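Numbering (our numbering), first residue to last: 224 to 303. One structure below.
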Amino acid sequence: LYDNPLITSTSGQALSHLLLNNSSLVELNLRKTSLSTESILLILQSLMDNKKIRTLILDYRHKETCINTYPNYHLIQDRV
Numbered sequence: 224l225y226d227n228p229l230i231t232s233t234s235g236q237a238l239s240h241l242l243l244n245n246s247s248l249v250e251l252n253l254r255k256t257s258l259s260t261e262s263i264l265l266i267l268q269s270l271m272d273n274k275k276i277r278t279l280i281l282d283y284r285h286k287e288t289c290i291n292t293y294p295n296y297h298l299i300q301d302r303v
């Protein structure tokens, strides 16, 4: 999904649902999308249940916010 500005905040819930129900995806690159911080936080919550995702790549603006905002970040930080 890298470099796709059409991936917007309305996609956040769908991506979160996808991660909860997909067992084959191991990497997701969300850099250069138009996802909001709230959408990213939903996706991070999905990572708590989906252990198959080894790598989630975010824009720096999201990563900094997630470090400071997401309470369970320490549990998934090795994958983000």
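Positions of the beta carbon are idealized from the N, C-alpha and C atoms, including for glycine. Model, not experiment: these values are computed from the prediction.
- Where L265 is concerned, the enclosing alpha helix (DSSP H) starts and stops at 260-272.
- From the listed residues L264, R277, L229, the smallest Cα separation to N291 is found for L264.
- Taking L238 as the centre and dropping the five residues before and after it, the same chain places the C-beta of I266 closer than 6 Å to its C-beta, in chain order.
- For T288, the three-state secondary structure derived from DSSP is helix.
- Judged by beta-carbon spacing, S234 lies beyond the 8 Å limit of L251, meaning their Cβ atoms are not closer than that value.
- Within the same chain, K275 come within 7 Å of S246 by CB-CB distance, once the 5 residues on both sides are set aside.
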